[in-house]
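Colleague:
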Amino acid sequence: MAGEVLVATNVLEYPYTRTVGPVLGAFFTGLKQGRIRGVRGADGRVLVPPTEYDPVTGEDLDELVQVGQAGVVTTWAWVYQPRDKHPLDRPFAWALVRLDGADTALLHAVDAADPALMSTGMRVRVRWREERAGEIQDIACFEPETEPEARP
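Heads up, the sequence shown is in the working numbering, so the first residue is 1 and it goes up one at a time.
(1) Should Ala77 and Arg123 be called a contact, given that it needs their Cβ atoms to be closer than 8 Å?
(2) Can you tell me where the alpha helix (DSSP H) with Pro22 in it begins and where it stops?
(3) Which runs of the beta strand (DSSP E) at least 3 residues long sit entirely within the segment 76 to 140? Give them in chain order.
(4) Can you tell me where the beta strand (DSSP E) holding Gly38 begins and where it ends?
(5) Quick check: Gly38 and Ala102, are their CB atoms within less than 8 Å of each other?
(6) Helix, strand or coil for Asp60, going by three-state DSSP, please let me know.
(7) If we count Cβ pairs, one from each stretch, closer than 8 Å, do we get three or more for the segment 15 to 25 versus the segment 111 to 127?
(8) Enumerate in chain order the residues of its own chain whose CB-to-CB distance from Pro152 is below 6 Å, with the five nearest sequence positions on each side excluded.
(9) Helix or strand or just coil, what does DSSP make of Glu52?
(10) Excluding sequence positions up to five away, which residues of its chain have a Cβ less than 7 Å from the Cβ of Glu145?
(11) Whose C-beta lies closer than 8 Å to the C-beta of Arg127 among residues of the same chain, with five residues either side of it excluded?
(12) Measure the CB-CB distance between Ala116 and Pro87 and report whether it falls below 8 Å.
(13) Of the residues Gly34, Asp60 and Thr9, which one's Cα is nearest the Cα of Val67?
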């Protein structure tokens with residue numbers, strides 16, 4: 001019949017699981033224990049989060065290195081209106097944080113009260129989730145190490 005609309009249900013899904021392997025497994029186990037681990041690359045750099053393969057040479061990596069729970073913001077962006085799936089329910093910053101002892105930066109949320117309190121180079125520390133499960137959300141967020149003065 002002319003003008004009739006046909007409707008068909010289509011479910012698109014990818015029902016598979018992936019094991020994380022020894023390097024990422026150690027990273028997530030460390031998070032559950034309140035520790036952060038990276039991996040040493042072929043050139044000596046410490047990569048956080050760790051990777052299974054060297055980004056330059058492609059070699060397997062397996063030398064795990066514990067890094068600090070504080071570090072430096074290398075860049076950031078302010079979120080004025082958080083969405084439902086964001087880690088915080090109030091305005092916050094997404095930031096790349098280079099942890100003490102690491103040579104690369106980890107993307108995570110920084111709980112700062114105002115964008116004027118954020119700056120590149122500021123020091124932040126981990127705030128752990130009370131109950132940890134071995135996932136990146138075990139780091140609830142980062143928070144400023146000290147209460148900085150607002151920028152003019």
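The beta carbon of each residue, even a glycine, is placed where N, CA and C say it ideally should be.
Modeller: Concretely, from the data shown:
(1) No.
(2) For Pro22, the enclosing alpha helix (DSSP H) starts and ends at Gly21 to Lys32.
(3) Uninterrupted beta strand (DSSP E) stretches at least 3 residues long and entirely within the segment 76 to 140 occur at 92 to 99, 106 to 110 and 123 to 128, given in chain order.
(4) Residues Ile36 to Arg40.
(5) Yes. Within cutoff.
(6) For Asp60, the three-state secondary structure derived from DSSP is strand.
(7) No, the segment 15 to 25 does not touch the segment 111 to 127.
(8) Residue placement at Pro152 cannot be trusted, given a pLDDT of 47 that sits under 50; what the coordinates show is reported in the next sentence. Answer for Pro152: no residue qualifies.
(9) The answer is coil: DSSP assigns Glu52 none of H, G, I, E or B.
(10) Counting only residues of its own chain and dropping the five nearest sequence neighbours on each side, Glu145 has a CB closer than 7 Å to the CB of Ala70, Arg123, Val124 and Arg125.
(11) Asp111, Ile139, Ala140, Cys141, Phe142 and Glu143, listed in sequence order.
(12) No. Outside cutoff.
(13) When each option's Cα is compared against that of Val67, the closest is Gly34.
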